[in-house]
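Residue numbers (this note's numbering): 419 to 716.
We put the beta carbon where it would ideally sit given N, CA and C, even for glycine.
Computed from a prediction, not measured in an experiment: that's the story for all the values here.
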């Protein structure tokens, strides 16, 4: 569902109508993204490279069709193609293809995992659901027309919602590692990290550190009371940090916040089975998370 939504919004791709299925290519790419780099048929790494190659072909075909038809679809690709016509732009077709590929990868995979995680945590913590529902019912009460969509002002007012999202990301650690290039020699605890090296920051080492978070394995959104909720810090690196903070951080949080708004105001649910998590090294629900959902008001 998340993949189909983002693919349509980004570049007008509809999986159900396409002859070549983009989702399968992305799955192959993701499954081998962090694997032994042996590029021979039958290995996960080879499948990863082929998955990316096939996905790029699909994206290229969509772009070529869009350019030849001159049809406006009012999506992100329209904006990119228009920007590429500008004289002082850095965009060219190769960059546009890579950008669409990267944005779809970054937006759907982490967002779908975050939504699954937050459903798991809410199912296990009914007191959090009560507080979350209270916040969103208040938003509806203050809205002139309940059927209107969420405004940016309403989104920014969702204080407890952002506490829930931050706590989900802190405890879930969706991204297993963040890579950074070392631009100059760094001395750290008697060890020199030389310029030109690549280092990997492990978010779980930060987020589950008892020196930084009291009872770090507990799901406790209230620990975020009074703290900055919309930016990264040295103690919260779910979206990276520094000058390379994830450009899609707000976009991802908006998607989860909108999902939660409609979930707690229009539906009730209970967990049926699943929800166990393993890492390989990314986040995986081997048995999924099965829920029973029904309309809140009939």
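Asked: Short of 7 Å in beta carbon distance, which residues of its chain neighbour residue 480, apart from the five on each side in sequence? Order them along the chain.; Found: 429, 430, 431
Asked: Which stretch, first to last residue, makes up the beta strand (DSSP E) that contains residue 712?; Found: 707 to 713
Asked: By Cβ distance below 6 Å, which residues in the same chain neighbour residue 528 in space, the five residues on each side in sequence not counted?; Found: 592
Asked: What do you reckon, are the CB atoms on residue 689 and residue 541 nearer than 9 Å?; Found: yes
Asked: At which residues does the alpha helix (DSSP H) containing residue 469 begin and terminate?; Found: 462 to 487
Asked: Here's a check: name, in chain order, each residue in its chain whose Cβ is nearer than 8 Å to the Cβ of residue 662, leaving out the five neighbours to either side.; Found: 598
Asked: Compare the Cα-Cα distances from residue 554 to each of 655, 578, 462 and report the closest residue.; Found: 578
Asked: Would residue 693 be called buried (16 or more neighbouring beta carbons within 10 Å of its own) or exposed?; Found: buried
Asked: When we look at the beta-carbon of residue 580 and count the other beta-carbons within 10 Å, is it buried (16 or more) or exposed?; Found: buried
Asked: Under the three-state reduction of DSSP, which class applies to residue 646: helix, strand or coil?; Found: coil
Asked: In chain order, what residues of the same chain lie with their CB nearer than 6 Å to the CB of residue 421, ignoring the 5 residues before and after it?; Found: 441, 526
Asked: Is the beta carbon of residue 463 sitting closer than 9 Å to the one on residue 454?; Found: yes
Asked: When DSSP labels each residue in this structure, what does residue 656 get in the three-state scheme?; Found: strand
Asked: Would you kindly report the start and end of the unbroken beta strand (DSSP E) that includes residue 689?; Found: 685 to 692
Asked: From which residue to which residue does the alpha helix (DSSP H) around residue 583 run?; Found: 577 to 590
Asked: How should residue 484 be labelled, buried or exposed, when 16 other C-beta atoms within 10 angstroms of its C-beta is the threshold for buried?; Found: buried
Asked: Can you tell me which of the three DSSP states residue 508 falls into?; Found: coil
Asked: Does the distance from the CB of residue 530 to the CB of residue 419 come in under 9 Å?; Found: yes
Asked: Enumerate in chain order the residues of its own chain whose CB-to-CB distance from residue 610 is below 8 Å, with the five nearest sequence positions on each side excluded.; Found: 603, 604
Asked: Is residue 621 buried or exposed, if buried means 16 or more other CB atoms sit within 10 Å of its CB?; Found: buried
Asked: Thinking residue 588 and residue 625 are a contact (beta carbons under 8 Å), I'd like their distance in whole angstroms, please.; Found: 4 Å
Asked: If you follow the alpha helix (DSSP H) that residue 557 is part of, which residue opens it and which one closes it?; Found: 544 to 560
Asked: When burial is assigned at 16 or more other CB atoms within 10 Å of the CB, is residue 715 buried or exposed?; Found: exposed
Asked: In three-state DSSP terms, what is residue 597?; Found: strand
Asked: Just to confirm the assignment, what range does the beta strand (DSSP E) spanning residue 605 have?; Found: 604 to 606
Asked: Which two residues bound the contiguous beta strand (DSSP E) that contains residue 616?; Found: 616 to 619
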